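Position in the sequence shown (from 1) plus 244 gives the number in my numbering. Note that beta-carbon positions come from the ideal geometry of N, C-alpha and C, so glycine has one too. The model shown is predicted, which means the values in this text are computed figures rather than measured ones. Some notes on the structure that comes next.
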Amino acid sequence: MLEPVLDIGAQALKKRKGSAVAFIKKTGFHKPETQRGIFHKVLVACAAFLVLLLIGVFITLVDKSMLSIKTFGLSFISDETWNPVTGIFGGFPYIIGTVSTSVLALAVSFPFGMSLAILLGEYYRFGWISGILKNLLELLAGIPSVIYGFTALYFIVPIVRNFEIASNIQPAFGVSIIAATIVLSIMIIPYSASVAREIIQLVPLNLKEAAYAMGATRFEVVRKVIIPYARSGIAAGFLLSFGRAVGETMAVTMVIGNSNKLAKSLFDPSNTMASIIANEFTEATTKIYLSSLIEIALMLFVVTVLFDILGRYIIKKMTMQ
């Protein structure tokens, strides 16, 4: 009785197997071993090129800043003096300016970026509202930094100046660390929100449905299911935005005040490692001056790498928990 059914099943399976083989041969998926070996070598060569490129950047910065390294040694990192006339250079104020503006910008942008990510990733995944907000985020990410700088110069700086006057904070310049922090936080929101939104949308649907089946509200699902599941990816998105803040140059240069003195408060003018290079690289008339600026670039490179390693360690810890 079952023999005709088994024969039909065997013929269907053979036909499906034959069509699959024909499809593979037709599309070219079944390549000879030599072609696969060539493709693998191309991939390895591309990866090796990236490693060599990174090593080359580091070697170039070390080589061009060697005069400053030999002259000032480790005191370059802790010295607060930057005087091109006397030939004495120290990069401590710029390290503090870079770290403070970047960390504060990340802290300010976190609630806004996280809120947008949850809104677009969970509440408004589809529809015209979602389309408008996604387009606005992409537009904000694509605006040149000089536009942000001009906007901050004529909008954020006067607000900060009026606050300083009302609070009797002197000198009331407006250009300060806090102004640079605000413009940086606005600039990095699209990066963190976009990455976090994509990660939130990848949370398996069955996990959320199981939570709803147990009587959880939507807020509880977001807080106890979505965020814990996607936290490593969310952290990666905010670390990406932090790297954007560390290396930002033009917008920060226009609103931070460009002071070579160590800032005592958030309302004091300051400088970052990127802004001091942009401001004074064309004015470096002596070898020690130019070498010191390149050492600042080397310090910026090292700081970026250190924060990247720290971020990857944090993400790894969050993933293991």
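Residue ranges of uninterrupted alpha helix (DSSP H) with 4 or more members, entirely inside the stretch 367-452 and ordered along the chain, are 372-386, 389-395, 401-410 and 421-445. Fewer than three pairs of CB atoms, one per stretch, sit closer than 8 Å, so the stretch 509-524 makes no contact with the stretch 297-315. Taken atom to atom, the span from the alpha-carbon of serine 420 to that of valine 469 is near 41 Å.
Of all C-beta pairs linking the stretch 483-492 to the stretch 423-443, three or more are shorter than 8 Å, placing the two stretches in contact. Per the coordinates, the alpha-carbon of glycine 335 lies some 16 Å from the alpha-carbon of lysine 508.
Fully contained in the stretch 446-486 are the following alpha helix (DSSP H) runs of length 4 or more, in chain order: 449-457 and 462-465. Leaving aside the five residues that flank leucine 305 on each side, the residues in its chain whose CB is nearer than 7 Å to its CB run, in chain order, Ile538, Ala541, Leu542 and Phe545. Glycine 501 carries a strand assignment under DSSP once its states are collapsed to helix, strand and coil.
Buried is the label assigned to isoleucine 400, since at least 16 other Cβ atoms lie within 10 Å of its Cβ. Of the other Cβ atoms in all chains shown, fewer than 16 fall within 10 Å of the Cβ of proline 388; this residue is therefore exposed.
About 6 Å separates the beta carbons of glycine 393 and valine 499, which is inside the 8 Å limit, making them a contact pair.
Looking at the DSSP output, isoleucine 332 shares a beta bridge with Asn327. Secondary-structure assignment with DSSP links serine 344 through no beta bridge to anything.
Between isoleucine 432 and isoleucine 413, the alpha-carbon positions lie close to 28 Å from each other. Following the DSSP letters along the chain, one finds asparagine 523 inside the alpha helix (DSSP H) bounded by residues 517-524.
Under DSSP, serine 514 forms a beta bridge with Gly501. Three or more Cβ pairs closer than 8 Å define a contact, and the stretch 529-536 meets that threshold against the stretch 320-338.
If you draw a straight line from the Cα of glutamate 464 to the Cα of alanine 423, it is about 36 Å long.
Here alanine 541 carries a helix assignment [DSSP, helix/strand/coil]. Only exposed fits serine 322, as fewer than 16 other CB atoms lie within 10 angstroms of its CB. Between glutamate 408 and alanine 416, the C-beta spacing is below 9 Å.
DSSP places leucine 311 inside the alpha helix (DSSP H), whose first and last residues are 310-316.
Under the three-state reduction of DSSP output, alanine 361 falls in the helix class.
For lysine 508, the three-state secondary structure derived from DSSP is coil. One Cα belongs to threonine 548, the other to glutamate 453, and the distance between them is close to 41 Å. The C-alpha of methionine 358 lies about 23 Å from the C-alpha of isoleucine 553.
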